[in-house]
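Step one of this worksheet: look at the structure below.
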Amino acid sequence: MDKQTDKTSLLEEIKALEERLLTLPDNQFEERIEIRKKLIRKRIELGQTINI
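In our numbering, each residue's number is its place in the sequence shown (first place is 1) plus 34.
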């Protein structure tokens with residue numbers, strides 16, 4: 035895969051994780067934390083700025 039394909043797939047993964055986070059009930063703390071960890075890792079891999 036080339037860089038553009040990698041970037042596109044990362045953006046798709048980030049979007050899917052964000053959508054999952056929005057649909058998850060508030061009482062699913064552990065899963066919400068895991069999704070946020072994955073989102074941070076994907077954004078760092080993509081080179082996005084992370085505000086914590």
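Yeah, the Cβ is synthetic: ideal placement off N, Cα and C, and Gly gets one too.
In this structure, DSSP gives ILE84 a state outside helix and strand, which the three-state scheme calls coil.
Closest by C-alpha distance to THR39, out of ASN85, LEU80 and LYS72, is LEU80.
Around the C-beta of LEU51, 16 or more other C-beta atoms lie within 10 Å, and the residue is accordingly described as buried. As the crow flies, the alpha-carbon of ILE84 is around 22 angstroms from that of THR57.
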